[in-house]
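Participant:
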Amino acid sequence: MYLQRRNRITRKSEAIRSLVRETILTPDDFIVPLFIDEGENVKTEIASMPGYYRNSLDVTVNEVKELWSMGLKAVLLFVKSKDELKDNTGKEAWNKDGLMQRSIKAIKDAVPEMYVMTDVALDPYSSYGHDGIVKDGQIVNDETVEALVKMSISHAEAGADMVAPSDMMDGRIGAIRKGLEENNFINTGIMSYSAKYASCFYGPFRDALDSAPGFGDKKTYQMDYANRIEAIKETVMDVEEGADIVMVKPALSYLDIIREVKNAVNVPVSAYNISGEYAMIKAAAEKGWINEDKAIMEVLTSIKRAGADLIATYFAKDAVRILNQ
Ligand code: PBG
155 MYLQRRNRIT RKSEAIRSLV RETILTPDDF IVPLFIDEGE NVKTEIASMP GYYRNSLDVT
215 VNEVKELWSM GLKAVLLFVK SKDELKDNTG KEAWNKDGLM QRSIKAIKDA VPEMYVMTDV
275 ALDPYSSYGH DGIVKDGQIV NDETVEALVK MSISHAEAGA DMVAPSDMMD GRIGAIRKGL
335 EENNFINTGI MSYSAKYASC FYGPFRDALD SAPGFGDKKT YQMDYANRIE AIKETVMDVE
395 EGADIVMVKP ALSYLDIIRE VKNAVNVPVS AYNISGEYAM IKAAAEKGWI NEDKAIMEVL
455 TSIKRAGADL IATYFAKDAV RILNQ
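Counting from 155, one number per residue, gives the positions in the sequence shown under my numbering.
(1) Quick check on the DSSP output: what are the complete alpha helix (DSSP H) runs of length 4 or more inside the stretch 376-441, in order along the chain?
(2) So, are the CB atoms of Val218 and Thr272 less than 8 Å apart?
(3) If you follow the beta strand (DSSP E) that Asn209 is part of, which residue opens it and which one closes it?
(4) Going by DSSP, what residue range makes up the beta strand (DSSP E) through Glu199?
(5) Sorted by chain position, which residues of the same chain lie with C-beta nearer than 6 Å to Phe469's C-beta, five sequence neighbours on each side aside?
(6) For ligand 1, any of its heavy atoms closer than 7 Å to the Cβ of Asp361?
(7) Hey, Thr298 and Ala349: beta-carbon distance below 8 Å or not?
(8) Taking the continuous alpha helix (DSSP H) assigned at Thr298, which residues delimit it?
(9) For Pro266, which of helix, strand or coil comes out of DSSP?
(10) Measuring CB atoms only, is the stretch 344-364 touching the stretch 386-401, in the sense that at least three cross pairs come out at less than 8 Å?
(11) Hey, Pro319 and Ile327: beta-carbon distance below 8 Å or not?
(12) What number of angstroms, rounded off, separates the C-alpha of Pro278 from the C-alpha of Val419?
(13) What are the uninterrupted segments assigned as alpha helix (DSSP H) that are 4 or more residues long and contained completely in the stretch 314-384, given in chain order?
(14) By DSSP, does Leu454 sit in helix, in strand, or in coil?
(15) Should Tyr351 be counted as a contact of ligand 1 given a C-beta to heavy atom distance under 7 Å?
(16) At the level of alpha carbons, what is the spacing between Asn249 and Val174?
(17) Per DSSP, what kind of secondary structure is Leu226 in: helix, strand or coil?
(18) I'd like to confirm something about Ile435: is its beta-carbon nearer than 7 Å to some heavy atom of ligand 1, or not?
(19) Tell me, please, whether the stretch 155-175 touches the stretch 199-213 by the rule of three or more beta-carbon pairs shorter than 8 Å.
(20) Bridge partners of Ala466, per DSSP?
(21) I think Ile261 touches Val229, with their Cβ atoms under 8 Å apart; what is that distance to the nearest whole Å?
(22) Return the Cβ separation of Leu477 and Ile465 in integer angstroms, given the expectation that the two are a contact with Cβ distance under 8 Å.
(23) Helix, strand or coil for Asp237, going by three-state DSSP, please let me know.
(24) Thinking just about the alpha-carbon of each residue, which of Val474, Pro358 and Leu409 is nearest to the one in Ala437?
(25) For Gly396 and Ile344, which I take to be in contact (beta-carbon distance under 8 Å), what is that distance rounded to the nearest angstrom?
(26) Where do the ends of the beta strand (DSSP E) carrying Ile444 lie?
(27) For the putative contact between Ala385 and Asp371, defined by C-beta atoms under 8 Å, what is the C-beta separation to the nearest angstrom?
(28) Just checking my contact of Asn255 with Ala312 at CB under 8 Å: how many whole Å lie between their CB atoms?
(29) Excluding five sequence neighbours on each side, which residues of the same chain lie with their C-beta closer than 7 Å to the C-beta of Val421?
(30) If Asp321 sits next to Asp285, beta carbons under 8 Å apart, how far is it from one beta carbon to the other, in whole angstroms?
(31) Would you list the residues sitting across from Leu231 in a DSSP beta bridge?
(32) Output the boundary residues of the beta strand (DSSP E) element that contains Ile287.
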């Protein structure tokens, strides 16, 4: 054969492969989700997330120091609320002495440069395990948004750098932005979970926080995974309402959505490599069916290649360890 073009030339050796490589992961790509519990010296492995823990605040602070020393610069906080603090208003969410608020302060005191993001949604505080206030079996939008604004302001007050509403209520980004402005939190950002799908892959996360919905599912607020155009509509609206960063969640079954969102908006796009995606790799690796480290790098690179500027992932520390090898 006399071929005009031989595509294998740029794949011949690791040297040329690395020279033409388009997508390279760095520690700057990652947001590290942290699960925080009450108590002291508590480190509980999450059954459906082997190798991942729910830690008390003292343990969390040490973890954050380690993350910073590894070059990881952002954390996303989730807290496990005690059952007796849960109700249908979610009011523990804006308790200024609540676990979230204490955690934000302790982390900022210990590692002031660490960029602290906080999950904003009522599910860890809701006696129904829903992201909003429940009335007559419905998750009511506008009252929930009022609660989310209070929650966001209270996170900002405690020192959060960016709030991350994950609830999918309508109009919450605009309302939160207005609330932050009115209270002079002009440096507090909003990372909106803009295109968040109703996914079975959240299961292990709900184990971690004991936050599974008590009735029904989340399909009246989270998106139908069959839909694509809706993701663009949701995301564009969030940008118009003032989101600094938008998010697609989950990541792996939604790489097409990440790419379309990336092409549609002019703000950074994040993707959440969620708990069930973590669990799948862990389970297959445990059985010896896939190579864990290789799977981690392939999956994270694919999310970045799809268009994610930032990736929230339980594999952040592993990825940095692998990158340093
Ligand atoms: C709560 C929230 C969820 C996740 C992040 N924030 C679960 C849900 O919506 O039920 C999932 C994260 C993961 O699965 O890793 N609003």
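Virtual Cβ for every residue (Gly too), placed ideally from N, Cα, C. Treat the numbers as computed from the prediction; the structure is a model and nothing was measured.
Facilitator: The relevant details are as follows:
(1) Counting whole runs of 4 or more residues, the stretch 376-441 contains the alpha helix (DSSP H) stretches 383-395, 409-418 and 429-440.
(2) Here residue 218 refers to the residue found at position 64 of the sequence shown. Here residue 272 refers to the residue found at position 118 of the sequence shown. No; because the gap between Cβ atoms is not below 8 Å, this pair is not in contact.
(3) By 1-based counting over the sequence shown, the position of residue 209 is 55. Where Asn209 is concerned, the enclosing beta strand (DSSP E) stretches over Met203 to Ser210.
(4) Counted from its first residue, the sequence shown places residue 199 at position 45. Start and end: Lys197 to Ile200.
(5) In the sequence shown, residue 469 corresponds to position 315, counting from 1. Result list for Phe469: Ile450, in chain order.
(6) Residue numbering aside, residue 361 sits at position 207 when the sequence shown is read from its first letter. Within 7 Å of the C-beta of Asp361 there is not a single heavy atom belonging to ligand 1.
(7) Residue 298 sits at position 144 when you count from the first residue of the sequence shown. Residue 349 sits at position 195 when you count from the first residue of the sequence shown. Cβ distance not < 8 Å, so Thr298 and Ala349 don't count as in contact.
(8) For this step, residue 298 is matched to residue 144 along the sequence shown. Unbroken alpha helix (DSSP H) run through Thr298: Asn295 to Ala312.
(9) One-based indexing of the sequence shown puts residue 266 at position 112. In the structure shown, Pro266 sits in coil (DSSP, three-state: anything other than H, G, I, E or B).
(10) Judged by Cβ distances under 8 Å, the stretch 344-364 makes contact with the stretch 386-401, as three or more pairs qualify.
(11) Locating residue 319 in the sequence shown gives position 165, where the first residue counts as 1. Locating residue 327 in the sequence shown gives position 173, where the first residue counts as 1. In contact: Pro319 and Ile327 (Cβ atoms closer than 8 Å).
(12) Mapped onto the sequence shown, residue 278 falls at position 124. Mapped onto the sequence shown, residue 419 falls at position 265. Pro278 and Val419 have their C-alpha atoms roughly 31 Å apart.
(13) Within the stretch 314-384, the complete alpha helix (DSSP H) runs of at least 4 residues are 326-336 and 357-363.
(14) The residue you call residue 454 lines up with position 300 of the sequence shown. Collapsing the DSSP output to three states places Leu454 in a helix.
(15) The residue you call residue 351 lines up with position 197 of the sequence shown. Relative to ligand 1, the beta carbon of Tyr351 is positioned no closer than 7 Å to any heavy atom.
(16) Along the sequence shown, one-based indexing puts residue 249 at 95. Along the sequence shown, one-based indexing puts residue 174 at 20. Approximately 52 Å, taken between the alpha carbons.
(17) Residue mapping note: residue 226 aligns to position 72 of the sequence shown, counting from 1. Residue state, collapsed to three classes: coil.
(18) The residue labelled residue 435 in the question sits at position 281 within the sequence shown. In this structure, ligand 1 has no non-hydrogen atom nearer than 7 Å to the beta-carbon of Ile435.
(19) no
(20) Counted from its first residue, the sequence shown places residue 466 at position 312. Bridge partners of Ala466: Ile185 and Tyr426.
(21) If you number the sequence shown from 1, residue 261 lands on position 107. If you number the sequence shown from 1, residue 229 lands on position 75. Between Val229 and Ile261 the Cβ distance is about 7 Å, and since that is below 8 Å, they are a contact.
(22) The residue given as residue 477 occupies position 323 in the sequence shown. The residue given as residue 465 occupies position 311 in the sequence shown. Between Ile465 and Leu477 the Cβ distance is about 13 Å, and since that is not below 8 Å, they are no contact.
(23) Residue 237 sits at position 83 when you count from the first residue of the sequence shown. Note: Asp237 maps to helix in three-state DSSP.
(24) In the sequence shown, counting from the first residue as 1, residue 437 sits at position 283. The candidate whose alpha carbon is nearest that of Ala437 is Pro358.
(25) Translated into positions along the sequence shown, residue 396 becomes position 242. Translated into positions along the sequence shown, residue 344 becomes position 190. Going by Cβ atoms, the distance from Gly396 to Ile344 rounds to 6 Å, so yes, they are a contact pair.
(26) The count along the sequence shown starts at 1 and reaches residue 444 at position 290. Run containing Ile444: none; DSSP gives neither H nor E here.
(27) Residue 385 sits at position 231 when you count from the first residue of the sequence shown. Residue 371 sits at position 217 when you count from the first residue of the sequence shown. About 19 Å separates the two Cβ atoms, so there is no contact after all.
(28) Taking the first residue of the sequence shown as 1, we reach residue 255 at position 101. Taking the first residue of the sequence shown as 1, we reach residue 312 at position 158. The sequence given here places Gln at residue 255; Asn does not occur at that position. Gln255 to Ala312, Cβ: 4 Å. Contact.
(29) Along the sequence shown, one-based indexing puts residue 421 at 267. For Val421, where only same-chain residues beyond five positions count, the Cβ hits under 7 Å are Val393, Ala397, Asp398, Ile399 and Val400.
(30) Along the sequence shown, read from residue 1 onward, the residue named residue 321 stands at position 167. Along the sequence shown, read from residue 1 onward, the residue named residue 285 stands at position 131. The pair is a contact, with the Cβ atoms about 4 Å apart (cut-off 8 Å).
(31) Locating residue 231 in the sequence shown gives position 77, counting from the first residue. Leu231 pairs with Leu188 and Thr272.
(32) Walking along the sequence shown from the start, residue 287 turns up at place 133. First-last of the beta strand (DSSP E) with Ile287: Ile287 to Lys289.
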